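Q: So the sequences go chain by chain: S and Z.
When we follow my numbering, the leftmost residue of the first sequence carries the number 174, and every step to the right adds one.
When we follow my numbering, the leftmost residue of the second sequence carries the number 174, and every step to the right adds one.
Shown below is the structure under consideration.
There are 2 protein chains.
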Amino acid sequence: MAAFSEFRPLSDSALMVEYIKSTPALSSKLGDQFDDLDIKEVGDGNLNFVYIVVGSSGSLVIKQAIPYIRCIGESWPMTKERAYFETRALREHGHLCPDHVPEVYHFDRTMCLIGMRYLEPPHIILRKGLIAGLVYPLLAEHMSEYMAHTLFHTSLLYHTTTDHKSAVAEFCGNVELCRLTEQVVFSDPYKVSQYNRWTTPYLDGDAKAVREDNTLKLEVAELKSMFCERAQALIHGDLHTGSVMVTQVSTQVIDPEFAFYGPMGFDVGAYLGNLILSFFSQEGHANEENDRKDCKEWILRTIGETWNLFEMKFVALWNKHKEGYGEAYLPAIYNNSELLQLVQRKFMTDLFHDTLGFGSAKMIRRIVGVAHVEDFESIQDASRRADCERKALNFAKMLMKERRKFQSIEDVVLAIRDVQ
Amino acid sequence: MAAFSEFRPLSDSALMVEYIKSTPALSSKLGDQFDDLDIKEVGDGNLNFVYIVVGSSGSLVIKQAIPYIRCIGESWPMTKERAYFETRALREHGHLCPDHVPEVYHFDRTMCLIGMRYLEPPHIILRKGLIAGLVYPLLAEHMSEYMAHTLFHTSLLYHTTTDHKSAVAEFCGNVELCRLTEQVVFSDPYKVSQYNRWTTPYLDGDAKAVREDNTLKLEVAELKSMFCERAQALIHGDLHTGSVMVTQVSTQVIDPEFAFYGPMGFDVGAYLGNLILSFFSQEGHANEENDRKDCKEWILRTIGETWNLFEMKFVALWNKHKEGYGEAYLPAIYNNSELLQLVQRKFMTDLFHDTLGFGSAKMIRRIVGVAHVEDFESIQDASRRADCERKALNFAKMLMKERRKFQSIEDVVLAIRDVQ
Ligand SMILES: Nc1ncnc2c1ncn2[C@@H]1O[C@H](COP(=O)(O)OP(=O)(O)O)[C@@H](O)[C@H]1O
Ligand SMILES: Nc1ncnc2c1ncn2[C@@H]1O[C@H](COP(=O)(O)OP(=O)(O)O)[C@@H](O)[C@H]1O
Ligand SMILES: [Mg+2]
Ligand SMILES: [Mg+2]
Ligand SMILES: [Mg+2]
Ligand SMILES: [Mg+2]
Ligand SMILES: [Mg+2]
Chain S
174 MAAFSEFRPL
184 SDSALMVEYI
194 KSTPALSSKL
204 GDQFDDLDIK
214 EVGDGNLNFV
224 YIVVGSSGSL
234 VIKQAIPYIR
244 CIGESWPMTK
254 ERAYFETRAL
264 REHGHLCPDH
274 VPEVYHFDRT
284 MCLIGMRYLE
294 PPHIILRKGL
304 IAGLVYPLLA
314 EHMSEYMAHT
324 LFHTSLLYHT
334 TTDHKSAVAE
344 FCGNVELCRL
354 TEQVVFSDPY
364 KVSQYNRWTT
374 PYLDGDAKAV
384 REDNTLKLEV
394 AELKSMFCER
404 AQALIHGDLH
414 TGSVMVTQVS
424 TQVIDPEFAF
434 YGPMGFDVGA
444 YLGNLILSFF
454 SQEGHANEEN
464 DRKDCKEWIL
474 RTIGETWNLF
484 EMKFVALWNK
494 HKEGYGEAYL
504 PAIYNNSELL
514 QLVQRKFMTD
524 LFHDTLGFGS
534 AKMIRRIVGV
544 AHVEDFESIQ
554 DASRRADCER
564 KALNFAKMLM
574 KERRKFQSIE
584 DVVLAIRDVQ
Chain Z
174 MAAFSEFRPL
184 SDSALMVEYI
194 KSTPALSSKL
204 GDQFDDLDIK
214 EVGDGNLNFV
224 YIVVGSSGSL
234 VIKQAIPYIR
244 CIGESWPMTK
254 ERAYFETRAL
264 REHGHLCPDH
274 VPEVYHFDRT
284 MCLIGMRYLE
294 PPHIILRKGL
304 IAGLVYPLLA
314 EHMSEYMAHT
324 LFHTSLLYHT
334 TTDHKSAVAE
344 FCGNVELCRL
354 TEQVVFSDPY
364 KVSQYNRWTT
374 PYLDGDAKAV
384 REDNTLKLEV
394 AELKSMFCER
404 AQALIHGDLH
414 TGSVMVTQVS
424 TQVIDPEFAF
434 YGPMGFDVGA
444 YLGNLILSFF
454 SQEGHANEEN
464 DRKDCKEWIL
474 RTIGETWNLF
484 EMKFVALWNK
494 HKEGYGEAYL
504 PAIYNNSELL
514 QLVQRKFMTD
524 LFHDTLGFGS
534 AKMIRRIVGV
544 AHVEDFESIQ
554 DASRRADCER
564 KALNFAKMLM
574 KERRKFQSIE
584 DVVLAIRDVQ
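Dropping the structure here:
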């Protein structure tokens, strides 16, 4: 494969075909038929190039990282090694939760290229489904399954200290992506930054208020420290609704290039926070055809069910493996059911509060930071959009500051309703 | 140096001389004079062999790790790679605080051997000085300096994320020593373990009570998680009063073989916890010659001064470097003195509570766990010893459970006095 002995973008179709032909793990997925290949670049994400390759006898997706951030350009360099960590995480999480992670067929470190299962139509990005007002009855079940399995099994509740520390060490290598999160989630929204933007002029005062809110800055500092220091589990690292592809019966989590050992609450919070953003955006999409009431109710129910199912499944895994290799809570110490319940309740309460904290940070940054969400962006009328965004922003600010007072996800849902 | 191309213990003096002769960094410290060398093994520690080498024209110390825990024997294997991490920490901390860390002359990874400055008499181990009822007027000044500099400069208050994560990754390699701490500090005292011991029969009920105290077990689980997961700074990892050598004018910290990126409070707590143990042991050493009253007062004063000076120096370093490379609190965000003071107060309060938590864990394990402290062990009368130990144990249990209620070190000192 001398032609690909050093990195080159596969933007040219002929080159792509050549690459696939020379890679048995890929060509076999196409039944070695290359005559009528349809190759389409579909990367609507912020960072990478994604090619769908469909032939008469099979299909696959090629994702390739480039040495900068796609949506910004070469002025913001970013290691293409991220493809390695994405692959590691896809494989690890895929092993733990095969039903909800696409299979990796092939990885090429030199080319920063992943070959994986094509999530064929009707799979669409969850965010787009939510914007269209669609509902997904199995979503809470599936996403709680994914989060419970991936987070539990990569934590010290399941790992030995030895395995944990060596995995932590390896994912320390994904530091550039961690730094990017630190900047765009925990820093930029709270200061003047060239990359920040918001629905101006409507939210000028709101953005300024964020930058001048001492209490908020105190809270976000604590969350940032936890993000930087706490190696609790192998987290996805970018688990918003744009990293989930869905049909009515299937839920698939893609794009874990930000994966590293970090706090569990960052994943759960990112996901729930993006559902809450979707909720607040619905008002902006309501029209005479569809008032979005059912959809909004479904989102609130899904938020509640996702956390409650997650908690239930996580604790069930804990109970199932309580005599296993995990070194966090030794059975000889946590040796009676009253005590075990006590530590589990404390663990889940702390994780719940972390989730609310990180979730609110992720909401705030999507309204006054660099990367916005299509849920709001697709609301054409700027004033109407700003109204939705302001409600979400105010809710997120309150949630970050008051998160420790919330006892249950039902309390959170009630508070969301209160905003209306 | 073919003779030393693989690991061998240097227990034989002739071999030791041969080794030194073949190692310029060591032989030069002896002025290349080998005729009248005095070689003495003085390892009174639990893990390694320490040789003092004194000649007519110089001196040095050789510390060698062996592949098991010395005080237990070959039945408890322990990686001799610990010498590598000890050297890394001695050099890093020595660079940050040269006045209080002995210079490393030489490190041999194959031989697991460190050559370092001989801390010549009247240097003695601080613990032994405290047992003898001696006082050290500069101790609080020096130890607060050591802790403030080593902890601040290896945290994200000073490091970039990039430097931090790569250092964290490297010290993940010291996992066997971390596991040992997890076991003997956070686990064994709270369960039946063959290695546990206590002053029997006097403390039989007390040891049992620890094993049956659900609230205590809940708290120690939280501390253990923080120890395992939180890469806050390069900590010494074994900072008890047996890892400090002192004279009236000099304070030197040795033996950081447990070093890794962990919570700062583990170091500060280990040190203060051991001072508190010393305080409670004094009653057992009081006699007609010396009622230990002055010494006890000095210990309490030193506890207070150590924390207060540490806090002052730590915050001063923070202020000095607030526009530096550290990525935890960006100056553009924490941009007014009111806010900066707010985050600093929160940071120091959290660190204070971590310190009290880890300090109490370290106290408890020294009374009902495998490794005891000479402060108590040297009290001949078992009943008298048990009385001292029980007071310390009860204080530690209370402190672990109630630590978040303490506002200042003065409150802690008052609570210690209350035990009397
Ligand atoms: N396995 C796949 N099957 C089908 N479509 C995919 C697949 N992976 C990615 N895509 C499409 O490509 C888009 C970008 O992929 P993503 O992994 O999110 O890239 P980025 O890292 O640039 O955000 C997704 O939003 C989705 O539409
Ligand atoms: N640099 C030194 N100078 C003088 N004595 C030392 C020095 N290093 C160690 N020692 C002596 O050796 C003993 C054991 O050393 P230490 O490093 O604590 O070993 P261990 O890791 O086995 O606990 C110390 O208690 C001290 O008496
Ligand atoms: Mg994406
Ligand atoms: Mg399943
Ligand atoms: Mg991505
Ligand atoms: Mg020692
Ligand atoms: Mg030691």
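Even for Gly, the Cβ is constructed at its ideal location relative to N, Cα and C.
Bear in mind that the values here come from a model prediction, so they are computed numbers and not experimental data.
(1) CB Pro429/Z to CB Glu254/Z, shorter than 8 Å?
(2) Counting only beta-carbon atoms, is Arg403/Z nearer than 8 Å to chain S?
(3) From Val417/Z to Val226/Z, what distance separates their C-alpha atoms?
(4) Buried or exposed: which applies to Ala489/S, given that a residue is buried once 16 or more other Cβ atoms fall within 10 Å of its Cβ?
(5) Quick one: is the Cβ of Tyr291/S within less than 7 Å of any heavy atom of ligand 1?
(6) Taking Ala394/Z as the query, report the chain S residues whose CB atoms sit under 9 Å from its CB, ordered along the chain.
(7) One question on the structure: do Lys213/Z and Met289/Z come within less than 8 Å of each other, judged by their Cβ atoms?
(8) Measuring only the C-alpha atoms, how far is Gly204/S from Glu550/S?
(9) Within a Cβ cutoff of 7 Å, which residues of the same chain sit near Leu199/Z, ignoring the five residues on either side of it in sequence?
(10) Taking the alpha-carbon positions, what's the Asp211/S to Pro294/S distance?
(11) Can you give the Cα-Cα distance for Cys345/Z and Cys285/Z, rounded to whole angstroms?
(12) Any heavy atom of ligand 6 closer than 7 Å to the Cβ of Ser416/Z?
(13) Pick out the complete beta strand (DSSP E) segments inside the segment 244-283 of chain Z, 3 residues or longer, and give them in chain order.
(14) Buried or exposed: Met174/Z, going by 16 or more other Cβ atoms within 10 Å of its Cβ?
(15) So Phe531/Z and Phe439/Z are in contact, right, with Cβ under 8 Å, and what is the actual spacing, rounded?
(16) For Val358/S, I'd like the list of residues in its chain whose CB is within less than 7 Å of its CB, leaving aside the five on either flank, ordered along the chain.
(17) With 16 other CB atoms within 10 Å as the buried threshold, where does Arg577/S fall?
(18) Quick check on the DSSP output: what are the complete alpha helix (DSSP H) runs of length 4 or more inside the segment 285-337 of chain Z, in order along the chain?
(19) Check the DSSP bridge columns for Val426/S and list the partner residues they point to.
(20) Indicate whether Phe487/Z and Ala313/Z have their beta-carbon atoms separated by less than 8 Å.
(21) Locate the alpha helix (DSSP H) running through Val215/Z, then write down its first and last residues.
(22) Hey, is Asn387/S's beta-carbon within less than 8 Å of any beta-carbon in chain Z?
(23) Helix, strand or coil for Ala534/S, going by three-state DSSP, please let me know.
(24) Along chain Z, which residues have their Cβ under 8 Å away from the Cβ of Glu511/S?
(25) So Tyr363/Z contacts chain S; which residues on that side make the cut at Cβ distance below 7 Å?
(26) Here's the rule I'm using: 16 or more other beta-carbon atoms within 10 Å means buried, otherwise exposed. How should Lys570/S be labelled?
(27) Grouping DSSP H, G and I as helix and E and B as strand, with all else coil, what is Arg465/Z?
(28) Classify Val274/Z as buried or exposed, calling it buried when 16 or more other Cβ atoms lie within 10 Å of its own Cβ.
(29) Could you name the residues of the segment 224-247 of chain Z whose beta carbon sits closer than 8 Å to any beta carbon of chain S, in the order they occur along the chain?
(30) Within 10 angstroms of its Cβ, does Ser510/S collect 16 or more other Cβ (buried), or is it exposed?
(31) Once DSSP output is grouped into helix, strand and coil, what is the label at Ile242/S?
(32) For Ile408/S, I'd like the list of residues in its chain whose CB is within less than 6 Å of its CB, leaving aside the five on either flank, ordered along the chain.
(33) Out of Ala187/S, Val348/S and Ala380/S, point me to the one whose CA is closest to Pro362/S's CA.
(34) Assign Met485/S to one of two classes, buried (16 or more other C-beta atoms within 10 Å of its C-beta) or exposed (fewer than that).
(35) Counting only Cβ pairs nearer than 7 Å, list the residues of chain Z close to Val162/S.
(36) Should Val543/Z be flagged as near chain S, meaning a C-beta pair shorter than 8 Å?
A: Let me spell this out:
(1) Here the question's residue 429/Z lines up with position 256 in the second sequence. Here the question's residue 254/Z lines up with position 81 in the second sequence. In this structure, Glu254/Z does not lie closer than 8 Å to Pro429/Z by Cβ.
(2) Taking the second sequence and counting its residues from 1, the one referred to as residue 403/Z is at position 230. So, interface residue.
(3) In the second sequence, residue 417/Z corresponds to position 244, counting from 1. In the second sequence, residue 226/Z corresponds to position 53, counting from 1. So the alpha carbons of these two residues sit roughly 20 Å apart.
(4) Within the first sequence, the letter at position 316 stands for residue 489/S. With fewer than 16 other Cβ atoms within 10 Å, it is exposed.
(5) On the first sequence, residue 291/S is found 118 positions in, with the first residue counted as 1. Placement of the Cβ of Tyr291/S at a distance of less than 7 Å from at least one heavy atom of ligand 1 is found.
(6) As a position in the second sequence, residue 394/Z is number 221, starting the count at 1. By Cβ distance, chain S contributes Ala501, Tyr502, Ile506, Tyr507, Val516, Lys519 and Phe520.
(7) Locating residue 213/Z in the second sequence gives position 40, where the first residue counts as 1. Locating residue 289/Z in the second sequence gives position 116, where the first residue counts as 1. The answer is no: Cβ separation not under 8 Å.
(8) Start at 1 with the first residue of the first sequence, and residue 204/S comes out as number 31. Start at 1 with the first residue of the first sequence, and residue 550/S comes out as number 377. Cα to Cα, Gly204/S sits roughly 41 Å from Glu550/S.
(9) For this step, residue 199/Z is matched to residue 26 along the second sequence. Once the five neighbours on either side are set aside, the close Cβ partners of Leu199/Z are Ile193, Leu233, Tyr278, His279 and Gly288.
(10) As a first step, residue 211/S must be located in the first sequence, where it is residue number 38. As a first step, residue 294/S must be located in the first sequence, where it is residue number 121. Taking the straight line joining both Cα atoms gives about 15 Å.
(11) Here residue 345/Z is taken as the residue at index 172 of the second sequence, counted from 1. Here residue 285/Z is taken as the residue at index 112 of the second sequence, counted from 1. Whole-angstrom Cα-Cα distance: 18 Å.
(12) Looking up residue 416/Z in the second sequence gives position 243. The answer is yes for Ser416/Z.
(13) 246-250 and 277-281
(14) Start at 1 with the first residue of the second sequence, and residue 174/Z comes out as number 1. Because the pLDDT of Met174/Z is 49, which lies under 50, any placement of that residue in the model is unreliable, and the number read from its coordinates should be weighed accordingly. The residue in question, Met174/Z, is exposed, as its Cβ has fewer than 16 Cβ neighbours within 10 Å.
(15) Locating residue 531/Z in the second sequence gives position 358, where the first residue counts as 1. Locating residue 439/Z in the second sequence gives position 266, where the first residue counts as 1. The pair is a contact, with the Cβ atoms about 5 Å apart (cut-off 8 Å).
(16) The residue you call residue 358/S lines up with position 185 of the first sequence. So the qualifying residues of the chain are Ala534, Lys535 and Arg538.
(17) Residue numbering aside, residue 577/S sits at position 404 when the first sequence is read from its first letter. Arg577/S should be labelled exposed.
(18) 299-304 and 312-326
(19) As a working mapping, residue 426/S is identified with position 253 in the first sequence. DSSP lists Val417/S as partners of Val426/S.
(20) As a first step, residue 487/Z must be located in the second sequence, where it is residue number 314. As a first step, residue 313/Z must be located in the second sequence, where it is residue number 140. Not in contact: Phe487/Z and Ala313/Z (Cβ atoms no closer than 8 Å).
(21) Numbered from its first residue, the second sequence carries residue 215/Z at position 42. Neither: Val215/Z is in no alpha helix (DSSP H) and is coded neither H nor E.
(22) Looking up residue 387/S in the first sequence gives position 214. So yes, Asn387/S belongs to the interface.
(23) Counting from one through the first sequence, the residue named residue 534/S turns up at place 361. Three-state DSSP puts Ala534/S in a helix.
(24) Numbered from its first residue, the first sequence carries residue 511/S at position 338. Here the neighbours are Asn387.
(25) For the purposes of this step, residue 363/Z is identified with residue 190 of the second sequence, where counting begins at 1. Correct list: Ile506.
(26) For the purposes of this step, residue 570/S is identified with residue 397 of the first sequence, where counting begins at 1. Buried is the call here.
(27) Here residue 465/Z refers to the residue found at position 292 of the second sequence. Arg465/Z: coil per DSSP, three-state reduction.
(28) In the second sequence, counting from the first residue as 1, residue 274/Z sits at position 101. By the 10 Å Cβ count, Val274/Z comes out buried.
(29) none
(30) The residue you call residue 510/S lines up with position 337 of the first sequence. When all chains shown are included, Ser510/S counts as exposed.
(31) By one-based count along the first sequence, residue 242/S stands at place 69. Residue state, collapsed to three classes: strand.
(32) As a first step, residue 408/S must be located in the first sequence, where it is residue number 235. Closer than 6 Å at the Cβ level, and outside the excluded window around Ile408/S, lie Gly435, Phe439 and Asp440.
(33) The residue given as residue 362/S occupies position 189 in the first sequence. Of Ala187/S, Val348/S and Ala380/S, the residue nearest in Cα terms is Ala380/S.
(34) Within the first sequence, the letter at position 312 stands for residue 485/S. The residue is exposed, with fewer than 16 neighbouring Cβ atoms inside 10 Å.
(35) Not covered by the structure: residue 162/S. The range shown for chain S is 174 to 593.
(36) As a working note, residue 543/Z is residue 370 in the second sequence. No, no contact with chain S.
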